[in-house]
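Just add 3 to the spot in the sequence shown (first one is 1) and you have my numbering. Reviewing the structure listed below.
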Amino acid sequence: MSEVKKKQLLYMQLRDSILADYKDKPYYSPLPGERELCDIYSVSRPTVRKALEILEDEGCTIRLTGKGAFFIGNKEFVDANNDMRFSDIAFYNQVSLRGDYTSSKVLLQKIEIADKEVAVMLRLPKNAKVFHLERLRYINGKLYSLANAYIPYELCPELTEYDFSDRSLHNTLCQYGHVPFKADKTIEISKASEYDAMHLDLKPGDPISISSTVTYDEQGNMLEYAVTRADAYKTLIQMQVYNQDHVKDKVMREKRQ
4 MSEVKKKQLL YMQLRDSILA DYKDKPYYSP LPGERELCDI YSVSRPTVRK
54 ALEILEDEGC TIRLTGKGAF FIGNKEFVDA NNDMRFSDIA FYNQVSLRGD
104 YTSSKVLLQK IEIADKEVAV MLRLPKNAKV FHLERLRYIN GKLYSLANAY
154 IPYELCPELT EYDFSDRSLH NTLCQYGHVP FKADKTIEIS KASEYDAMHL
204 DLKPGDPISI SSTVTYDEQG NMLEYAVTRA DAYKTLIQMQ VYNQDHVKDK
254 VMREKRQ
């Protein structure tokens, strides 16, 4: 085996080892520094850097300036009150973790005064400003949804500086210390308006699914209100539902550990 091939295998092996070692750790767990990772896994620093680069590209880790790297992939959130288990909140990470790729076409990206609906959902005062991002989302190159996201402007003014054509909005928020922790989501079936139909390649009146989501950080602060529209026949919802006693037992076991 050539030396180049051996090095390639090494950083992929390290990537797999980190995923395996962190799969049961809490969301947003910190990774050791590069030197410590070298000692733990007995590899060189270039190997560590390449493995971390791959993990970040795959949406499994995120690096915060001055704080290091954190693990955000392959995680599930358990809410004992709702008895449901959700996959990663971010659409970008959901798609990446199942081996597919996502891209976006930005239709609108601006600062605006929150309308009544957005202000109510984000509990904002009158005339509060929000960062509004509207995108067409694609999975493996195929149109999937029309998505509108609203972020309180004061939360992260830096969002205006980024191109979200191929960038995760949630992962960008994480870079500024605003880490999505849980989301309240409602899904309904409605009829496509002329605007929806034009962008989703449908006919007005065709059935669409409308997903409304409010995302919070661990302290309960609202980070985002999002409305996503998609062809109802292309919408796939996956979840695991547990009996209350099952969830309580699991929570108690985790606490004892």
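By construction, the Cβ of each residue, glycine as well, lies at the ideal position given by its N, Cα and C atoms.
For Asp199, the closest C-alpha among the options Glu227, Thr218, Leu149 is that of Leu149. When C-alpha distances from Cys41 are compared across Pro29, Leu55, Lys28, the shortest belongs to Leu55.
Excluding the 5 residues flanking it on each side, Ser215 has same chain C-beta neighbours closer than 6 Å at Thr189, Val230, in chain order. Boundaries of the beta strand (DSSP E) harbouring Asn151: 145-155, taken from the DSSP string.
Between Thr218 and Ala195, the C-beta gap is not smaller than 8 Å, which leaves the two residues out of contact. Within the DSSP bridge table, the entry for Ile142 names Thr105, Lys145 as partners. Annotated three-state conformation of Pro160 is helix, per DSSP. CA-to-CA, the gap between Arg138 and Ile213 works out to about 15 Å. Apart from sequence neighbours up to five positions away, the residues of its chain that approach Arg52 with a beta-carbon distance below 7 Å are Glu37, ordered along the chain. Non-local beta-carbon contacts of Asp169 in its own chain, meaning distances under 8 Å to residues more than five positions away in sequence, involve Ser106, Ser107 in chain order. Minimum Cα-Cα distance from Leu58 among the listed residues Ile116, Ala23, Gly208, Ile114 corresponds to Ala23. A distance below 8 Å between beta-carbons, with the five flanking residues on each side excluded, links Gln16 to no residue of its chain. For Lys188, no alpha helix (DSSP H) segment is defined; the enclosing uninterrupted segment is the beta strand (DSSP E) at 185-194. Residue environment analysis places Tyr236 among the exposed positions, since fewer than 16 neighbouring C-beta atoms fall within 10 angstroms of its C-beta.
Nearest to Ser171 by C-alpha distance, out of Arg18, Asp60, Ala131, is Asp60. Here Lys129 carries a coil assignment [DSSP, helix/strand/coil]. Distance check between Ala72 and each of Arg140, Tyr179, Ala152 places Tyr179 closest, using alpha-carbon atoms only. Assigned with DSSP and collapsed to three states, Tyr228 falls in strand. DSSP places Leu58 in the helix class (H, G or I) of the three-state scheme. Taken through DSSP and simplified to helix, strand or coil, Val182 comes out as coil.
Leaving aside the five residues that flank Tyr156 on each side, the residues in its chain whose CB is nearer than 8 Å to its CB run, in chain order, Ile114, Ala131, Lys132, Val133, Phe134.
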